[in-house]
Each structure stands twice: as structure tokens, then as C-alpha cells.
Amino acid sequence: MTDKVYLNGEYLPLAEAKVSVLDRGFLFGDGIYEVIPAYSGRLFRLEDHVERLNNSLKGIRLPLNYSVADWQAIFQPLLEDGKDQSIYLQVTRGYAPKRDHGFPEQVVPTVFAMCSEIKPFPGKLTGIKAVTLDDNRWQLCNIKAITLLGNILLRQEALDRNSAEAILVKNGYVVEGAASNVFAVIDGELITPPKSNEILPGITRDVILELAQANNIPCKEDIIALEALQDASEIWVTSSTREIVPVVELDGKIVADGKPGPVWHAMDRLLQAYKKSLS
Ligand SMILES: Cc1ncc(COP(=O)(O)O)c(C=O)c1O
282 MTDKVYLNGE YLPLAEAKVS VLDRGFLFGD GIYEVIPAYS GRLFRLEDHV
332 ERLNNSLKGI RLPLNYSVAD WQAIFQPLLE DGKDQSIYLQ VTRGYAPKRD
382 HGFPEQVVPT VFAMCSEIKP FPGKLTGIKA VTLDDNRWQL CNIKAITLLG
432 NILLRQEALD RNSAEAILVK NGYVVEGAAS NVFAVIDGEL ITPPKSNEIL
482 PGITRDVILE LAQANNIPCK EDIIALEALQ DASEIWVTSS TREIVPVVEL
532 DGKIVADGKP GPVWHAMDRL LQAYKKSLS
């Protein structure tokens, strides 16, 4: 993490950035966040991240009208030229004088941003183990809420079982990962569950679908039954900081030949080329 952070209009050393213990983010998890990668110092798909941020703000009824240019101006001083980094942005409903569930009358949101280096995810080249778990989170998973206890407990359950990710299943269908979206190659076709309130609409997910369409890789957004996932020739989990990670073992069973598959290799090459073309 870099030492300089942004808090409510100021750039400060991390150790000097302080918020009240009455901040609703601290007391209630009442806020939303974004994670935006920057390659060689350039923010990746910032417009898409800001659009999702605005949807999250709308979803929790927190008005904050910053333009893409406003956000760019806030983030840029945190980034270092030539480095691969990610911005963590958090907006909460701010300080309220009294702990009360209802919104306070006067709301001054707390806006905080910090920057960390993106390190290549160790499991990416060899693939990871994943387990399937029942999705026991709330109904508004399309909002990127800081209230992440459900996701945290599910990810930890996966880690406790010596797996890097939990693939969540609801009513027999794949939803998403604890902190990722899910793709599967089934009968030669790349499939990911459609957008709904049950998943976070991942920016990496959108980029992969665009790249697949532009490069004639058969793909579709469709439901994936758990049995279909168990028979898939490839499974991936995707996110901004880990990119596309192949799953080579699911619930203790090897996926295909236990190595990252040919569609993953093709898509990873396309993604790396696309990132380079923008930076
Ligand atoms: C629950 C969940 N789904 C999906 C994603 C992937 O989103 P993105 O590709 O925008 O990072 C994340 C990212 O952290 C996540 O937490």
C-alpha cells in the first residue's frame, strides 16, 4: 500500500487518516466501495467502474454527484507512473451524532481512497482449488456494499478447506465466487451467469464477454446448473485484481486434465493484449 491516501478532500499519510467511530460505515457497514485497477499508471475502464459506483450509491440511496473527471482527479495523485496498482474507494453515509438505523437528516458522506500495488496472483498460472458452497448472502449482491460479512465467511470456509475460492450456489445454480465472477466452458461454449441482483456485475466479466465476442470465441450469458459446472471442461473465476484464474480442482475433483485449459490460455492472451493497448 502506498503511504498517501485521500480522505474527504485531503491527501494524507495513511497513519493520519482518521474517521469518527460514529461513522455509519464503522457502526453499520453503511456504505459502498469500488476497486479500480490501473496499468502502467492508467486507470482501467474508469467509466464502467464509475457507472457501477453510481448504481451502488443509488442502491443504498446515498446521493453523491461526482463525474468521471472528478474521480479521475481524486485518484490520479495516488497513482505512480509505470506501475500496476489498484485504487480502493469507499463511500459511507458518514458521521451521524447518534447511532440510529434510519438515515440521519444531514448526510455528509465519508469519501476515502487508497492505492495498492497489484501483485500477480500466485495461483493464476497453475490454477487453483475451489469449493462450492451454498450462497447464504443477502438479496442485493449487485450493490458493491462494504457489508461483506457473508462473503468473508464463505471465503474463509474455502480457505479452511485448502481452497482459494468459494463458488456460490443458489437453488442448484451457480451464482458467483465469494469475491469473483464465474465462467465455465461447457460443450465448447464459454458461459457465465446473467446479471441479476444475485451477482456483482464484474467489470472483468464484461471485458471477457466483449473480448470473446470480438474474437469469435463462442460465449453466452446463461444459467449454469451445479451438475453442469461439475462436468465443465474449464472453470474460471474473475476479478479486477486477480484477472482470470483457472480452477483446476472443484470440491476435491480434478477439472478436465487438471491444467488451465486452451480457452483460458486464449482469453488470458487477449486480456493482456487489451490491457497493453490501453496503457
Ligand atoms: C462478489 C464479487 N463478485 C464479482 C467480483 C468481480 O468484479 P470485478 O471484475 O469488477 O473486480 C468481485 C470483485 O471483487 C466480487 O467481490
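One gets this note's numbering by counting positions in the sequence shown from 1 and adding 281 to each.
In this text, a Cβ means the ideal position worked out from N, Cα and C, and glycines have one as well.
None of the values given here were measured: they were computed from a predicted structure.
At a cut-off of 7 Å, would you count residue i as near ligand 1, judging by its Cβ distance to the nearest heavy atom?
i	result
residue 462	yes
residue 483	yes
residue 432	yes
residue 521	yes
residue 480	yes
residue 436	no
residue 528	no
residue 412	no
residue 486	yes
residue 331	no
residue 316	yes
Kindly indicate which residue of the options has the alpha-carbon position closest to the one of residue i.
i	options	result
residue 480	494, 345 and 455	455
residue 379	516, 307, 532 and 513	307
residue 293	381, 323, 395 and 312	395
residue 325	297, 313, 536 and 364	364
residue 369	521, 444 and 420	521
residue 305	414, 426 and 416	426
residue 310	518, 406, 341 and 399	341
residue 430	442, 440, 441 and 417	417
residue 511	438, 525, 461 and 529	529
residue 336	551, 318, 423 and 544	423
residue 313	374, 291 and 462	374
residue 402	525, 538 and 540	525
residue 503	287, 509, 497 and 474	474
residue 290	352, 551 and 446	352
Return the CA-CA distance between residue i and residue j, expressed in angstroms with no decimal places.
i	j	result
residue 367	residue 483	15 Å
residue 284	residue 295	5 Å
residue 534	residue 376	49 Å
residue 523	residue 344	31 Å
residue 505	residue 405	23 Å
residue 493	residue 467	15 Å
residue 444	residue 387	45 Å
residue 450	residue 356	36 Å
residue 381	residue 433	25 Å
residue 419	residue 448	16 Å
residue 439	residue 476	24 Å
residue 436	residue 515	21 Å
residue 298	residue 286	7 Å
residue 415	residue 453	9 Å
residue 463	residue 519	6 Å
Taking all protein chains shown into account, decide if residue i is buried (16 or more other Cβ within 10 angstroms of its Cβ) or exposed.
i	result
residue 371	buried
residue 410	buried
residue 389	exposed
residue 458	buried
residue 302	exposed
residue 517	buried
residue 407	exposed
residue 330	buried
residue 471	buried
residue 486	buried
Verify the contact flag: residue i, CB atom, against every heavy atom of ligand 2, threshold strictly below 7 Å.
i	result
residue 457	Absence of ligand 2 from the depicted structure is noted, with ligand 1 being the only ligands included.
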